[in-house]
Amino acid sequence: MDPEKDSNVMDNHAFTKREHLCEIPVDDSERKKQVSDGEAEQNKLAYSVTDVPPWYLCIILGTQHYLTAFGGIIAIPLILSKELCLEHDTLTQSHLISTIFFVSGLCTLLQVTFGVRLPILQGGTFTFLAPSLALLSMPQWKCPAWTQNANLVNTSSPEYIEVWQSRIRELQGSVMVASCFQIFVGFSGLIGLFMRFIGPLTIAPTISLIGLSLFESSGNDAGKHWGISALTVGIIVLFSQYLRHIPVPMPAYSKTKKFHSSKIYVFQILPVLAGITVSWLICYILTAYSVLPSDPKAYGYWARTDLKGDVLGQSPWFRFPYPGQWGMPTVSPAGVFGILAGVISSMIESVGDYHACARLSGAPPPPKHAINRGVGIEGIGCLMAGAWGTGNGTTSYSENVGVLGITKVGSRMVIVTSGFLMIFMGMFGKIAAIFTTIPTPIIGGMFFVMFGVITAAGISNLQYTDMNSSRNIFVFGFSMFTGLAIPSWVFKHPGAIVTGVTELDQVLRVLLTTSMFVGGFFGFVLDNTIPGSRKERGIVIWKEAHQQSGETLESEEMYNLPFGIGSRICTASWVRYIPFCPKPAGTGSDNVGNNEDTIMEKTGQALPNRDTRL
C-alpha cells in the first residue's frame with residue numbers, strides 16, 4: 113500500500129509493523145529477507161486483530177460478513193422446514209430465520225469477547241442437519257399427509273401449530289443435551305491437550321477439506337445461472353486482486369484537519385459486498401423488465417429477485433425471539449446420540465477454523481487456553497440455540513474466514529459489529545426478510561471465491577514441512593483423498609452402515625460423511641504414528657514461525673480475557689490448573705515470550721530483538 117496514505121483513517125500499526133509477519137529466521141538471510149519483505153508488502157493487513165477501524169468502516173465491513181454468512185445461515189431453516197411440516201408456512205419459516213440470526217449474533221459476541229477472541233463469526237452448522245433429518249424421518253415424527261397439501265393447511269389452527277412445534281421441541285432438547293458434552297470438552301481442556309500433537313500435516317487437510325467438500329453445493333448454486341455467478345466472481349476478483357492497491361479519495365473529517373480528502377483502499381476491503389450488490393442490482397433490473405424467465409422450470413428462473421416476495425409481505429416489522437418460544441423442549445436418546453455426532457464434527461472443524469482465522473488475520477496461533485474457551489463458548493452457543501429454538505446449533509463459519517484472506521481486514525471489532533447487526537436483523541423481521549431475495553446464483557458465485565481461499569489457506573501450511581519427504585507426501589495425499597472418497601461413498605450408500613443400533617448408525621454416518629473429520633483424523637493418526645523427525649514434520653518451523661509472527665501482535669493482548677478479567681483473576685499461581693484461563697507470566701508455554709529458550713534449544717538460533725511497542 114501507499115506509504116504516504118492519510119493517517120486519519122488507514123495509517124495505523126497494522127501498516128507500520130506488518131512487515132514482520134510470518135518471517136522465519138534463516139542463515140542465508142539476505143536473499144530470503146528481500147523476498148520476504150516483498151511478500152509482506154503485498155500481503156500486509158489493512159487492519160489487524162486488535163485494530164479498531166472507523167465506525168463507518170466497521171458497519172460496512174460488518175455488513176459484508178453478515179451477507180457472507182447469510183447464505184449458509186438461511187439455508188438451514190429452509191432445509192429443515194419441510195421435515196418440520198412447514199413447507200407451506202412461509203411466515204413461520206421467516207420466524208425461524210430471524211431466530212437463527214438473532215442467536216448467531218449473540219454467539220458471535222460471546223465468542224469474540226470471551227471465547228477464542230479471534231475475528232470469527234458464529235452461525236448455524238450443517239453438521240447438525242444430517243442427524244436432525246434422520247431423527248425427523250423416524251415414523252413417529254413423519255409429517256401427516258395433510259400438511260403436504262397447501263389447500264388443507266391452516267397455519268393458525270392449534271392442531272397444525274402443535275404438529276410443527278412438537279417436532280422442533282424434540283430438536284431443541286437433543287441439541288441442548290448434546291451441547292453439554294461440548295461445554296465439558298472445551299472448558300475441561302480435553303481439546304487443548306490434543307493440540308500438542310497437531311501440526312501442519314493435520315491442519316492442512318482439515319482446513320483444505322472445509323472448502324473442497326463444498327464444491328458440489330457451490331457448483332449447484334452457481335449453476336442456476338452461470339452468467340450471474342460469473343459476474344459475481346469477476347467483480348470480487350477484480351476488486352480484491354487487480355484493484356486492491358489503488359486508493360480512492362474519500363471525504364473525511366478530523367479535529368485537526370477538519371474536512372479533507374483521505375485515501376481509502378475501498379477495492380481491497382469491500383470486494384465481496386460490492387460483488388453481491390452489483391450482481392443483485394442487475395438481477396433486480398432483469399427481473400423488473402421480465403428478461404429472466406418466470407417459468408420455474410426454465411433456466412435462469414432462480415436468478416429472479418421476486419421469488420420470495422410473500423415472505424417480505426407477511427413478516428412483521430418487529431419480533432423479539434426468546435427462549436422457549438416454541439414450548440418446553442423434549443428429549444429422546446436417539447436425538448441426543450445423533451446430535452452428538454454433529455457436535456464432534458463441529459468441534460474438529462472449529463479447531464481448524466481457529467488456525468485458519470489466526471493465519472489469515474495475522475495473529476499468532478491460538479494457545480491451548482484460547483482453544484479451550486472457544487470450544488466451550490461454542491458449546492454454550494449450541495445450548496442457547498437449543499433454548500431459543502433454531503432447530504440447529506452454532507459453529508465457526510468457514511466462509512467468513514475466507515473473507516479475511518480477501519479483504520485483509522482482520523479486526524475483531526468488525527466481527528463484533530456484524531454480531532450486533534445480526535441481532536438487529538433478527539429483531540426486525542422485514543429488514544431481515546429483504547435479504548432473502550438474494551438470488552441463488554449470486555451466493556454460489558460468492559462461495560466459489562470464499563471456499564477457494566479457505567482451501568488455499570489450508571494447503572499453505574505445508575510450506576513448513578519437508579515436502580521432498582515421501583512420508584509427508586503420503587500423509588497429506590492419503591488424508592486428502594480419503595477425506596473426499598469416503599464421505600462421497602457413504603453419502604451415496606447411507607444404508608451400508610448397519611450395526612443394529614440406530615443411534616450408533618447415525619453417529620458413524622455423520623462422522624464418515626464429514627470430509628473435515630475424515631481427512632483430519634487420518635492426518636492426525638498418520639502424522640503421529642509414522643516415524644519422522646519434528647523438523648521433517650514441520651512442527652519446529654511451523655510453531656517458531658507463528659511465534660515470530662506473534663511478536664508484532666502481543667499474544668497476551670490477543671487472547672487474554674477482556675475487561676481486566678485476566679489481570680485480576682488469572683494472576684494467581686493456581687490458575688495454571690484451570691484449562692481455559694491464560695497462564696500467569698512465567699508459568700506456562702502459552703506465553704510467547706517464555707518460549708525463547710525452547711526455540712533456541714531446538715533451532716540453535718536466538719530470536720531477533722523484539723519491538724515491545726504496541
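Quick note on numbering: the sequence shown equals residues 113 to 726 in our numbering.
The beta-carbon is built from N, C-alpha and C at its ideal position, and this holds for glycine as well.
Proximal residues to residue i (C-beta, below 7 angstroms), its chain only, five neighbours per side dropped
i, result
"G514", "M562, F563, V565, I566"
"G439", "Q277, R281"
"T614", "A446"
"F293", "L452, V455"
"V630", "T594, G595, I598, P599, L624"
"Y396", "T417"
"V228", "Y466, P478, A482, I483, R485, G486"
"I185", "I212, F213, S216, G235, G236"
"H337", "G412, W414, A415, P553"
"L221", "V528, G531"
"I191", "L241"
First through last residue of the alpha helix (DSSP H) which encompasses residue i
i, result
"C469", "445-472"
"Y396", "383-400"
"C292", "270-300"
"F593", "582-604"
"A568", "552-571"
"W500", "480-500"
"F536", "524-539"
"R649", "646-649"
"F633", "627-641"
Beta carbon of residue i nearer than 8 angstroms to that of residue j
i, j, result
"S244", "G503", "yes"
"L452", "V619", "yes"
"E490", "S473", "no"
"F379", "R356", "yes"
"V287", "G493", "no"
"I172", "L382", "yes"
"T318", "D639", "no"
"G531", "G235", "no"
"V289", "V526", "no"
"W429", "F536", "no"
"T204", "W500", "no"
"F299", "G488", "yes"
"M362", "G464", "no"
"T225", "M670", "no"
"I295", "F636", "no"
"N263", "Y272", "no"
"I554", "T368", "no"
"G557", "S329", "no"
"F559", "D333", "yes"
"P312", "G650", "yes"
6 angstroms Cβ shell around residue i - same chain, five flanking residues per side excluded
i, result
"V602", "L624, T625"
"Q260", "none"
"Y377", "P359"
"L385", "Q176"
"P435", "A499, W500"
Separation of residue j from residue i, as counted between CA atoms
i, j, result
"T399", "L198", "28 angstroms"
"V423", "V448", "33 angstroms"
"I232", "S402", "40 angstroms"
"G339", "V390", "13 angstroms"
"F692", "H481", "4 angstroms"
"S268", "C170", "41 angstroms"
"I348", "F182", "17 angstroms"
"G517", "V652", "25 angstroms"
"K254", "Y689", "48 angstroms"
"L247", "T237", "16 angstroms"
"G335", "H200", "26 angstroms"
"F590", "L324", "15 angstroms"
"P476", "I188", "33 angstroms"
"I642", "T549", "51 angstroms"
"T552", "Y168", "29 angstroms"
"R583", "Y576", "14 angstroms"
"L740", "I460", "For the chain, the structure presents residues 113 to 726; residue 740 sits outside this window and is missing."
"I738", "K647", "Nothing about residue 738 can be read from this structure; the chain reaches only from 113 to 726."
"K542", "V164", "31 angstroms"
"E195", "A257", "12 angstroms"
"L179", "S352", "17 angstroms"
Below-8 angstroms beta-carbon distance, residue i vs any chain D residue
i, result
"Y509", "Of the chains in the structure shown, none is chain D; there is only one protein chain."
Residue i beta carbon near the ligand SAM (any heavy atom closer than 7 angstroms)
i, result
"G493", "For the structure depicted, the ligand SAM is absent and the ligand set is empty, with no information on it obtainable."
What are the uninterrupted segments assigned as alpha helix (DSSP H) that are 4 or more residues long and contained completely in the segment 313-378, given in chain order?
327-334, 338-349
Alpha helix (DSSP H) runs contained entirely in the segment 176-206, provided each spans 4 or more residues
none
Which complete alpha helix (DSSP H) runs does the segment 199-268 hold, if anything under 4 residues is left out?
202-226, 241-248
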